[in-house]
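Novice: My structure is below; once you've seen it, I'll send some questions.
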DNA sequence: CGCGCAGTTGACGTATGTCAAGACAGGTGG
DNA sequence: CCACCTGTCTTGACATACGTCAACTGCGCG
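Chains as they are written, first to last, in our numbering: chain A, 927 to 1173; chain B, 927 to 1173.
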């Protein structure tokens, strides 16, 4: 398994280092950062809207999501998080949570005190930049989801989401042979895509019939990446996975 | 007029100071920041997707928007910017633009070199935090728009957008008597809300018929704020306009 | 004066929602 | 080990918010 749940600091260090090469000193400082591990069952709220957390969390295993409710009780999932993500890093500078974070599968989460993060940022400005950048990538993903939900058909939207999750999981070593574990119900997919669960069912069937995805239990496989990418109008630029060099 | 286009630094200082009280030294440093002014006509691209800007911009007068296109050429406007906003501050840490910025009315924009911003941030960590926070508020607005586009009816969406613009303009002193200048076409509203221009027309008529808004040329008036707020399911929490005190 | 863009209106089409019934699978208790 | 139960997914019939197309109006600008 590429994931190392018992070394949460390493997961964070590897992720930051991959786009923002760290010095030994910075690496050492991150290694020292206290992270409190916690196992969480599926469908549990981790942070609620309106709260004022004194810590941020780091996903180590499993999946979480960020969501809000409309007045009619309809839920919009605004982001899905995979291992390595820090879903509420924003709370470091925005006192009040404007969304809720919940687990969508059983997961392991690490908690980091804001106090510790602030100290770290004060001493290492480059780490500040790295964390800031993380939140900017989150924002970029929100923008792409807006395009997805606002302008694309259910079919394209779904294909796009599968592409995104595949690439993000690949980046943390959780994809093998174009195949990955993705324990998510159709109802949650519906909330993420802004359609109904019934329509998710039909849309997935269409994607399967077209040979773009295969699903067995919670295992998703992509037999033809190029075709899925095209169907989802997917361009990974918005994930900012590399610091693209040159002009 | 509350706006001072000839003192761009002041606009920025006032905005940052209002949520993040600045020391005299920080204020002085911001005052020194070179800002290059430029007048821009309506419907001009200011920064394009794929570019690698060496500067960020600050809106001084008028309105701009951030957008992307789907493969079918449909446009999603992901954000509207009002005076005081920095639409592409993100480019400070994300090398490649993942969206385009364009004027939606004639406007005055100030350009700030990344180099200068970086120097400023290195010397004044609290300013780093303030700028970081700005980008976090942008992200929060994207999230609310996702909820808006994904889960609410056209009628509610439109009411919500009007509420948001009113509050944001109010924050920079551009609202008088629940009334403000908003030179935006219905086609652009359509692109922002993820509906068609024809449907915008009908929706605005419904809002007018219900006495929630009045429109004369480019002047928008809100006769009954409480009712509009309710119709738009609007809660300004997500704008993070104050650092809410206490638990 | 007239061109052109923005907005309006009506008729009609459709992607997606709603409701409701049934199938299936996984977990639990007897 | 079976029986049951609950949550998830599927399927069909039908409803609707919103899209599409096209014609028309009005107004600002050259």
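Heads up, the beta-carbon is just placed ideally off N, CA and C, and yes, glycines get one too.
Which residues share a DSSP beta bridge with residue 987 (chain A)?
Specialist: Taking the first chain and counting its residues from 1, the one referred to as residue 987 (chain A) is at position 61. According to DSSP, residue 987 (chain A) bridges with A:1034.
Novice: What does a CB cutoff of less than 7 Å around residue 935 (chain B) pick up in its chain, not counting 5 residues either side in sequence?
Specialist: For the purposes of this step, residue 935 (chain B) is identified with residue 9 of the second chain, where counting begins at 1. Excluding residues within five positions, the ones whose Cβ falls inside 7 Å are 956, 957, 959, 961.
Novice: Using C-beta distances below 6 Å, list every residue in its chain close to residue 946 (chain A), excluding the 5 sequence neighbours before and after it, in chain order.
Specialist: Counted from its first residue, the first chain places residue 946 (chain A) at position 20. Closer than 6 Å at Cβ, skipping near neighbours: 1056.
Novice: Quick check on this structure: which residue in A:1165, A:1122, A:973, A:1037 has the alpha carbon closest to the alpha carbon of residue 1000 (chain A)?
Specialist: Counting from 1 along the first chain, the entry for residue 1000 (chain A) is found at position 74. Ranking A:1165, A:1122, A:973, A:1037 by Cα distance to residue 1000 (chain A) puts A:1122 first.
Novice: I need the DSSP call for residue 1102 (chain B), collapsed to helix, strand or coil.
Specialist: Within the second chain, residue 1102 (chain B) is the residue found at index 176, counting from 1. In the structure shown, residue 1102 (chain B) sits in coil (DSSP, three-state: anything other than H, G, I, E or B).
Novice: Considering only the beta carbon of each residue, do residue 1152 (chain A) and residue 1082 (chain A) sit closer than 9 Å?
Specialist: The sequence position of residue 1152 (chain A) within the first chain is 226, counting from 1. The sequence position of residue 1082 (chain A) within the first chain is 156, counting from 1. Result no, Cβ atoms of residue 1152 (chain A) and residue 1082 (chain A) do not sit closer than 9 Å.
Novice: Tell me the rounded alpha-carbon separation between residue 1039 (chain A) and residue 939 (chain A).
Specialist: In the first chain, residue 1039 (chain A) corresponds to position 113, counting from 1. In the first chain, residue 939 (chain A) corresponds to position 13, counting from 1. Their backbone Cα atoms lie some 17 Å apart in a straight line.
Novice: What is the rounded straight-line gap between the Cα of residue 1021 (chain A) and the Cα of residue 979 (chain A)?
Specialist: The residue given as residue 1021 (chain A) occupies position 95 in the first chain. The residue given as residue 979 (chain A) occupies position 53 in the first chain. If you take the alpha carbons of residue 1021 (chain A) and residue 979 (chain A), they lie about 8 Å apart.
Novice: First and last residue of the alpha helix (DSSP H) that includes residue 973 (chain B)?
Specialist: Within the second chain, residue 973 (chain B) is the residue found at index 47, counting from 1. Looking at the DSSP string, residue 973 (chain B) is not in any alpha helix (DSSP H); the run it does join, the beta strand (DSSP E), is 971–973.
Novice: Measuring only the C-alpha atoms, how far is residue 1004 (chain A) from residue 1110 (chain A)?
Specialist: Taking the first chain and counting its residues from 1, one reaches residue 1004 (chain A) at position 78. Taking the first chain and counting its residues from 1, one reaches residue 1110 (chain A) at position 184. Near 15 Å, if we compare the C-alpha coordinates of residue 1110 (chain A) and residue 1004 (chain A).
Novice: Any idea what DSSP makes of residue 992 (chain A), helix, strand or coil?
Specialist: Locating residue 992 (chain A) in the first chain gives position 66, where the first residue counts as 1. The answer is strand: DSSP assigns residue 992 (chain A) an E or B state.
Novice: What span of residues does the beta strand (DSSP E) with residue 1142 (chain B) cover, start to end?
Specialist: By one-based count along the second chain, residue 1142 (chain B) stands at place 216. Residue 1142 (chain B) -> beta strand (DSSP E) spans 1140–1142.
Novice: Return no unless some Cβ of chain B is closer than 9 Å to the Cβ of residue 1125 (chain A).
Specialist: Start at 1 with the first residue of the first chain, and residue 1125 (chain A) comes out as number 199. No, residue 1125 (chain A) does not count as interfacial toward chain B.
Novice: Which same chain residues end up closer than 6 Å to residue 1063 (chain A) when comparing Cβ atoms and leaving out the 5 residues on each side of it in sequence?
Specialist: Reading the first chain from its first residue, position 137 is the one you call residue 1063 (chain A). Excluding positions up to five away in sequence, the list reads 1166.
Novice: According to the Cβ coordinates, are residue 1061 (chain A) and residue 1016 (chain A) closer than 9 Å?
Specialist: As a first step, residue 1061 (chain A) is located in the first chain; it is residue number 135 there, counting from the start. As a first step, residue 1016 (chain A) is located in the first chain; it is residue number 90 there, counting from the start. Their beta carbons are under 9 Å apart, which means residue 1061 (chain A) touches residue 1016 (chain A) by this criterion.
Novice: Are the beta-carbon atoms belonging to residue 943 (chain A) and residue 953 (chain A) less than 9 Å from one another?
Specialist: As a working mapping, residue 943 (chain A) is identified with position 17 in the first chain. As a working mapping, residue 953 (chain A) is identified with position 27 in the first chain. The answer is yes: Cβ separation under 9 Å.
Novice: Does DSSP put residue 998 (chain B) in a helix, in a strand, or in coil?
Specialist: Position 72 of the second chain, counted from the first residue, corresponds to residue 998 (chain B). Coil, per DSSP.
Novice: Are the segment 1021–1033 of chain A and the segment 970–977 of chain A touching by the rule of at least three beta carbon pairs closer than 8 Å?
Specialist: The segment 1021–1033 of chain A is in contact with the segment 970–977 of chain A.
Novice: Can a CB atom of chain B be found closer than 9 Å to the CB of residue 1002 (chain A)?
Specialist: As a position in the first chain, residue 1002 (chain A) is number 76, starting the count at 1. Answer yes: the Cβ-Cβ gap between residue 1002 (chain A) and chain B drops below 9 Å somewhere.
Novice: Among the residues of its own chain, which have a CB less than 8 Å from the CB of residue 1157 (chain B), if the five just before and after it don't count?
Specialist: To locate residue 1157 (chain B), count along the second chain from 1; it is residue 231. 1081, 1082, 1085, 1133, 1136, 1138, listed in sequence order.
Novice: Kindly indicate which residue of B:1163, B:1124, B:1036, B:1048 has the alpha-carbon position closest to the one of residue 1093 (chain B).
Specialist: Residue numbering aside, residue 1093 (chain B) sits at position 167 when the second chain is read from its first letter. The option with the nearest alpha carbon to residue 1093 (chain B) is B:1163.
Novice: By DSSP's criteria, residue 1028 (chain B) is part of a beta bridge. Which residues make up the other side?
Specialist: Walking along the second chain from the start, residue 1028 (chain B) turns up at place 102. Partner(s): B:971, B:991.
Novice: Indicate whether the contact test is met: 3 or more Cβ pairs, each with one atom in the segment 976–992 of chain B and one in the segment 1007–1016 of chain B, closer than 8 Å.
Specialist: Segments in contact, yes.
Novice: Under 9 Å between C-beta atoms, does residue 1040 (chain B) make it to chain A?
Specialist: Numbered from its first residue, the second chain carries residue 1040 (chain B) at position 114. By this cut-off, residue 1040 (chain B) is not an interface position.
Novice: Hey, could you find the ends of the beta strand (DSSP E) residue 1146 (chain B) is sitting in?
Specialist: Here residue 1146 (chain B) refers to the residue found at position 220 when the second chain is read from its first residue. Its beta strand (DSSP E) spans residues 1145–1147.
Novice: Using a Cβ-Cβ distance cut-off of 9 Å, determine whether residue 1085 (chain A) contacts chain B.
Specialist: Start at 1 with the first residue of the first chain, and residue 1085 (chain A) comes out as number 159. Closer than 9 Å: no.
Novice: Residue 1071 (chain A) to residue 989 (chain B), Cα distance in whole Å?
Specialist: Stepping through the first chain from its first residue, residue 1071 (chain A) is reached at position 145. Stepping through the second chain from its first residue, residue 989 (chain B) is reached at position 63. Spanning the two alpha carbons is a distance of roughly 23 Å.
Novice: Should residue 1034 (chain B) go down as buried or exposed, given a rule of 16 or more other Cβ atoms within 10 Å for buried?
Specialist: In the second chain, the residue the question calls residue 1034 (chain B) occupies position 108. Result: buried.
Novice: Any Cβ of chain A within less than 9 Å of the Cβ of residue 1151 (chain B)?
Specialist: As a first step, residue 1151 (chain B) must be located in the second chain, where it is residue number 225. Chain A, which has no Cβ nearer than 9 Å to the Cβ of residue 1151 (chain B), makes this no.
Novice: When the cut-off is 9 Å and only beta carbons count, does residue 1159 (chain A) lie next to chain B?
Specialist: Start at 1 with the first residue of the first chain, and residue 1159 (chain A) comes out as number 233. So yes, residue 1159 (chain A) belongs to the interface.
Novice: With distances taken Cα to Cα, identify the nearest neighbour of residue 1050 (chain B) among B:1154, B:949, B:933, B:1169.
Specialist: Residue mapping note: residue 1050 (chain B) aligns to position 124 of the second chain, counting from 1. It is B:949.
Novice: Provide the residue(s) that pair with residue 964 (chain B) in DSSP beta bridges, ordered along the chain.
Specialist: Mapped onto the second chain, residue 964 (chain B) falls at position 38. Bridge partners of residue 964 (chain B): B:1035.
Novice: Which residue comes first and which comes last in the alpha helix (DSSP H) that contains residue 945 (chain B)?
Specialist: Taking the first residue of the second chain as position 1, residue 945 (chain B) is located at position 19. Its alpha helix (DSSP H) spans residues 934–945.
Novice: What residues in its chain sit with their C-beta under 7 Å from that of residue 1172 (chain A), if we drop five residues either side in the sequence?
Specialist: As a working mapping, residue 1172 (chain A) is identified with position 246 in the first chain. Unreliable placement is indicated for residue 1172 (chain A), whose pLDDT of 43 sits below 50; the coordinate value is still reported in the next sentence. If we look at residue 1172 (chain A) and ignore the five residues flanking it on each side, it has no Cβ neighbours.
Novice: Give me the Cα-Cα distance between residue 1018 (chain B) and residue 1131 (chain A), rounded to the nearest whole angstrom.
Specialist: In the second chain, residue 1018 (chain B) corresponds to position 92, counting from 1. In the first chain, residue 1131 (chain A) corresponds to position 205, counting from 1. Near 42 Å, if we compare the C-alpha coordinates of residue 1131 (chain A) and residue 1018 (chain B).
Novice: Kindly indicate which residue of B:941, B:1023, B:951, B:963 has the alpha-carbon position closest to the one of residue 977 (chain B).
Specialist: Walking along the second chain from the start, residue 977 (chain B) turns up at place 51. Out of B:941, B:1023, B:951, B:963, B:1023 has the C-alpha closest to the C-alpha of residue 977 (chain B).
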